[in-house]
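Colleague: Shown below is the structure under consideration.
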Amino acid sequence: MKKTKIVCTMGPAVDDINILSGLLKAGMNVARMNFSHGSHDEHKKRIELVRQASKETGIPVAVLLDTKGPEIRTRNLKDGKEVTLVAGQEFVITTDDIVGDNTKVSVTYENFVQDLKLGDIILIDDGLIEMVVEKIKGNNVISRVLNNGILGERKGVNLPNVAVNLPALAENDIEDLEFGCRMGVDFVAASFIRKMSDVKEVKDILEKNGGTNIKIISKIENQEGLDNFEEILEISDGIMVARGDLGVEIPIEKIPLAQKEMIALCNQVGKPVITATQMLESMIRNPRPTRAEITDIANAIFDGTDAVMLSGETAKGAFPVEAVKVMQNIAREVDPLIEPIHANFEEQVNIAEAIARGTVEVALACSAKVIVLGTHTGRAAAAVRQYFPQIPVLAIADNELVARQLLLLRGVYSEVANPYLSDHEDFADFALQKAQEIFKLSKGDRVVLSYGRKIYTSGTTNSIRVLTIE
């Protein structure tokens with residue numbers, strides 16, 4: 000069984016119950032709804048279809064809402080036609096409401112002029128067109144085009160190394176979060192997070208709409224987010240290394256180190272991290288991946304990522320199920336090679352963390368096959384995962400929401416206690432039964448249990464127990 004989790008983006012290519020069932024059987028753990036595209040009605044149908052596929056297959060799946068986020072885009076061009084820009088020409092970007100052409104274009108961000116200074120770089124359409132600011136006059140930024148390119152309408156504009164004063168949430172983002180609360184999503188991936196206060200704004204909207212228990216995954220997509228990473232991580236429930244926009248905002252040669260550093264910091268504090276963008280891009284059209292893509296996925300797993308993500312590969316690709324199978328096979332090959340992180344076995348600050356460390360050490364010492372723990376919030380499972388145990392972790396939660404949210408954690412499998420268990424012996428019996436069912440244990444195999452004096456009361460974890468299959 001794989002430990003690394005797989006996030007799949009929903010889209011037209013998988014709007015079919017049979018294909019979704021195929022994704023689940025191939026290894027999908029989280030279904031991502033990309034709110035940069037589609038209406039609420041479309042997303043509602045997709046969420047319902049995903050849940051139907053999960054029910055029919057008996058395979059659990061979590062739902063992640065990925066916000067569009069605040070962004071800067073070019074506005075209309077004359078006759079809606081693309082225009083050609085030539086290296087060396089002058090080009091004006093304005094906040095005035097004009098129709099653009101090959102000499103000028105309007106943008107959607109009203110403070111565009113105020114945020115820029117001479118010498119700043121402007122990137123358009125994922126960096127395909129690069130300009131440098133030469134003059135600022137009124138509502139106009141007069142720039143010099145640095146390379147030939149084709150400019151279209153509604154193209155994204157990036158300002159690397161510029162502290163952009165965009166709001167954390169656009170109006171449509173707030174509406175999307177409210178929708179997500181109504182639909183009972185498990186995670187929100189918040190786009191273009193730059194600082195701690197951005198995460199607080201997302202959290203406030205969720206809390207006001209009954210989404211207090213929805214986990215927030217902050218997407219790091221710019222230099223400001225990297226600069227403020229530790230404070231963002233502190234308040235977030237997890238991180239997405241969003242290499243697409245990040246690769247436009249910072250020099251692309253810096254992405255590998257940024258990825259490694261972010262994953263390492265997430266591992267240190269026991270919070271899940273998703274590595275995303277172009278992981279199997281070639282499989283949008285081809286049935287087999289490139290060797291570089293295979294190595295990229297493997298290296299992300301070696302770095303310590305909890306999950307790897309597919310975007311266009313599943314949303315619009317010709318081989319969505321095959322792409323998931325490729326990820327599953329790579330994970331199965333690489334996961335067993337990850338050693339326990341003894342560097343994390345530092346002096347613990349509370350009993351629960353000390354128990355988590357002890358659980359992993361006992362499991363290693365007695366060659367246990369599975370760790371089973373009871374959890375109300377999921378924190379006990381996250382604490383154990385922090386040490387990269389080489390054996391699977393089965394978290395038995397007392398509610399379905401936490402059980403689904405645990406699907407994002409590397410090496411963690413989840414079940415819901417049914418019926419509700421409060422007696423230690425009943426819990427032990429249920430734990431052994433589920434461990435045998437899921438992991439096909441044999442006579443003589445050992446299982447390590449971890450739970451609290453009150454099994455489903457948060458913060459009471461204080462016991463480790465070793466049982467042998469008879």
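Residue numbers (numbering that gives the first Met the number 0): 0 to 469. Note that CB positions come from ideal geometry on N, CA and C, so glycine has one too. Keep in mind it's a predicted model, so treat the numbers as computed, not measured.
1) In or out: R31 buried (at least 16 other Cβ within 10 Å) or exposed?
2) With distances taken between CB atoms, is the gap from L64 to V187 smaller than 7 Å?
3) In the structure shown, what three-state DSSP assignment does R45 receive?
4) My guess is that I273 and A306 are in contact by the Cβ rule of under 8 Å, so how many angstroms apart are they, rounded?
5) Express the C-alpha separation of F178 and A394 in angstroms, rounding to a whole number.
6) Short of 6 Å in beta carbon distance, which residues of its chain neighbour I468, apart from the five on each side in sequence? Order them along the chain.
7) Under a three-way DSSP split, which group does E321 fall into?
8) Can you tell me whether K368 is buried or exposed, with buried defined as 16 or more other CB within 10 angstroms of its CB?
9) Quick one: Cα of N17 to Cα of E89, how far?
10) Would you mind giving the Cβ-Cβ distance between T73 and I123, rounded to the nearest angstrom? I have them listed as a contact below 8 Å.
11) Residue range of the beta strand (DSSP E) that T467 falls in?
12) Tell me whether the beta-carbon of L23 lies closer than 7 Å to the beta-carbon of V320.
13) The beta strand (DSSP E) with K103 in it runs from where to where?
14) Taking only the alpha-carbon atoms, compute the straight-line gap between I470 and G137 and give it to the nearest angstrom.
15) List the residues that DSSP assigns as beta-bridge partners of R445.
16) Output needed for M239: all residues of its chain with C-beta closer than 6 Å, excluding positions within five of it in sequence on either side, in chain order.
17) Between V49, I213 and N398, which lies nearest to I454 when the distance is taken from Cα to Cα?
18) Can you tell me whether Q432 is buried or exposed? The criterion is at least 16 other CB atoms within 10 Å of its CB, across all chains shown.
19) Using DSSP bridges, identify the partner residues of M130.
20) Within 10 Å of its beta-carbon, does A355 have 16 or more other beta-carbons around it, so buried, or fewer, so exposed?
21) Between the beta-carbon of L405 and the beta-carbon of G377, is there less than 7 Å?
22) Is it true that the CB of V156 sits closer than 7 Å to the CB of I71?
23) DSSP on I215, reduced to helix/strand/coil?
24) Runs of 4 residues minimum, wholly inside the segment 355-389: which ones carry the alpha helix (DSSP H) assignment?
25) Between K67 and the rest of its own chain, which residues show a CB-CB distance below 8 Å, the 5 nearest in sequence each way excluded?
26) Less than 7 Å between the beta carbons of Q222 and I249, yes or no?
27) Is the CB-CB distance between I323 and M130 below 7 Å?
28) DSSP three-state call for D65: helix, strand or coil?
29) Per DSSP, G451 forms a beta bridge with which residues?
30) Look up L29 in the DSSP assignment and say whether it is helix, strand or coil.
31) Going by DSSP, what residues sit across from S53 in a beta bridge?
32) If distances are taken between C-alpha atoms only, which option among L84, N160 and D78 comes closest to I97?
33) Let's see if you can read the secondary structure: which residues bound the beta strand (DSSP E) around L405?
34) According to DSSP, is A167 helix, strand or coil?
35) Would you give the residue range spanned by the beta strand (DSSP E) that N308 belongs to?
36) Who are the near neighbours of R287 in its chain, counting only those whose CB is closer than 7 Å to its CB and skipping five residues on each side?
Modeller: Considering the structure as presented:
1) Numbered from its first residue, the sequence shown carries residue 31 at position 32. Buried.
2) Walking along the sequence shown from the start, residue 64 turns up at place 65. Walking along the sequence shown from the start, residue 187 turns up at place 188. Yes, the Cβ-Cβ distance between L64 and V187 is below 7 Å.
3) On the sequence shown, residue 45 is found 46 positions in, with the first residue counted as 1. Per DSSP, reduced to three states, the secondary structure at R45 is helical.
4) Taking the first residue of the sequence shown as 1, we reach residue 273 at position 274. Taking the first residue of the sequence shown as 1, we reach residue 306 at position 307. Correct: roughly 4 Å between the Cβ atoms.
5) Within the sequence shown, the letter at position 395 stands for residue 394. Within the sequence shown, the letter at position 179 stands for residue 178. The alpha-carbon atoms of A394 and F178 are separated by roughly 29 Å.
6) Taking the sequence shown and counting its residues from 1, one reaches residue 468 at position 469. Closer than 6 Å at the Cβ level, and outside the excluded window around I468, lie L440, K442 and D444.
7) For the purposes of this step, residue 321 is identified with residue 322 of the sequence shown, where counting begins at 1. Three-state result, E321: helix.
8) One-based indexing of the sequence shown puts residue 368 at position 369. The residue is buried, with at least 16 neighbouring Cβ atoms inside 10 Å.
9) For the purposes of this step, residue 17 is identified with residue 18 of the sequence shown, where counting begins at 1. For the purposes of this step, residue 89 is identified with residue 90 of the sequence shown, where counting begins at 1. The alpha-carbon separation between N17 and E89 amounts to approximately 53 Å.
10) Position 74 of the sequence shown, counted from the first residue, corresponds to residue 73. Position 124 of the sequence shown, counted from the first residue, corresponds to residue 123. Rounded, the Cβ-Cβ distance is 7 Å, consistent with contact.
11) Counting from 1 along the sequence shown, the entry for residue 467 is found at position 468. Element bounds for T467: T460 to T467.
12) In the sequence shown, counting from the first residue as 1, residue 23 sits at position 24. In the sequence shown, counting from the first residue as 1, residue 320 sits at position 321. Taking 7 Å as the Cβ cut-off, L23 and V320 do not qualify as a contacting pair.
13) Residue 103 sits at position 104 when you count from the first residue of the sequence shown. It spans K103 to S105 - the beta strand (DSSP E) in which K103 sits, taken as one unbroken run.
14) In the structure as shown, the chain starts at 0 and stops at 469, and residue 470 therefore has no counterpart that could be examined.
15) On the sequence shown, position 446 is the one that residue 445 refers to. Beta-bridge pairing links R445 to T467.
16) Mapped onto the sequence shown, residue 239 falls at position 240. Cβ within range, chain order: A188, I216, K218, I273 and A275.
17) Along the sequence shown, one-based indexing puts residue 454 at 455. Among V49, I213 and N398, the Cα nearest to that of I454 is on N398.
18) Taking the sequence shown and counting its residues from 1, one reaches residue 432 at position 433. Label assigned to Q432: exposed.
19) Mapped onto the sequence shown, residue 130 falls at position 131. Paired residues: I121 and V144.
20) Position 356 of the sequence shown, counted from the start, is the residue given in the question as residue 355. Buried, by the Cβ-count rule.
21) The sequence position of residue 405 within the sequence shown is 406, counting from 1. The sequence position of residue 377 within the sequence shown is 378, counting from 1. Yes, the Cβ-Cβ distance between L405 and G377 is below 7 Å.
22) Counting from 1 along the sequence shown, the entry for residue 71 is found at position 72. Counting from 1 along the sequence shown, the entry for residue 156 is found at position 157. In this structure, I71 places its C-beta atom within 7 Å of the C-beta atom of V156.
23) On the sequence shown, residue 215 is found 216 positions in, with the first residue counted as 1. In the structure shown, I215 sits in a strand (DSSP, three-state: E or B).
24) Runs of the alpha helix (DSSP H) inside the segment 355-389: 378-384.
25) Residue 67 sits at position 68 when you count from the first residue of the sequence shown. Cβ neighbours of K67 beyond the five flanking positions: F34, S35, A169, N171, D172, D175 and S190.
26) Here the question's residue 222 lines up with position 223 in the sequence shown. Here the question's residue 249 lines up with position 250 in the sequence shown. Taking 7 Å as the cut-off, the beta carbon of Q222 is found closer than this to the beta carbon of I249.
27) The residue labelled residue 323 in the question sits at position 324 within the sequence shown. The residue labelled residue 130 in the question sits at position 131 within the sequence shown. According to the sequence provided, residue 323 is Val. The question's Ile does not apply to it. Contact: no.
28) Within the sequence shown, residue 65 is the residue found at index 66, counting from 1. Strand.
29) Along the sequence shown, read from residue 1 onward, the residue named residue 451 stands at position 452. Its beta-bridge partners are T460.
30) Along the sequence shown, one-based indexing puts residue 29 at 30. The residue you asked about is not Leu; residue 29 is Val in the sequence shown. Residue state, collapsed to three classes: strand.
31) Locating residue 53 in the sequence shown gives position 54, counting from the first residue. Answer is none; S53 lacks a bridge partner.
32) Start at 1 with the first residue of the sequence shown, and residue 97 comes out as number 98. Here the closest residue by C-alpha is D78.
33) Working through the sequence shown from its first residue, we reach residue 405 at position 406. Where L405 is concerned, there is no enclosing beta strand (DSSP E), given that its DSSP letter is neither H nor E.
34) Within the sequence shown, residue 167 is the residue found at index 168, counting from 1. Looking at A167 - three-state DSSP - the assignment turns out to be coil, as it is neither helix nor strand.
35) Taking the first residue of the sequence shown as 1, we reach residue 308 at position 309. First, the amino acid is wrong: residue 308 is Met here, not Asn. The continuous beta strand (DSSP E) containing M308 extends over residues A306 to L309.
36) Your numbering for residue 287 matches position 288 in the sequence shown. Spatial neighbours of R287 in its own chain (CB-CB distance under 7 Å, excluding positions within 5 residues in sequence) are not present.
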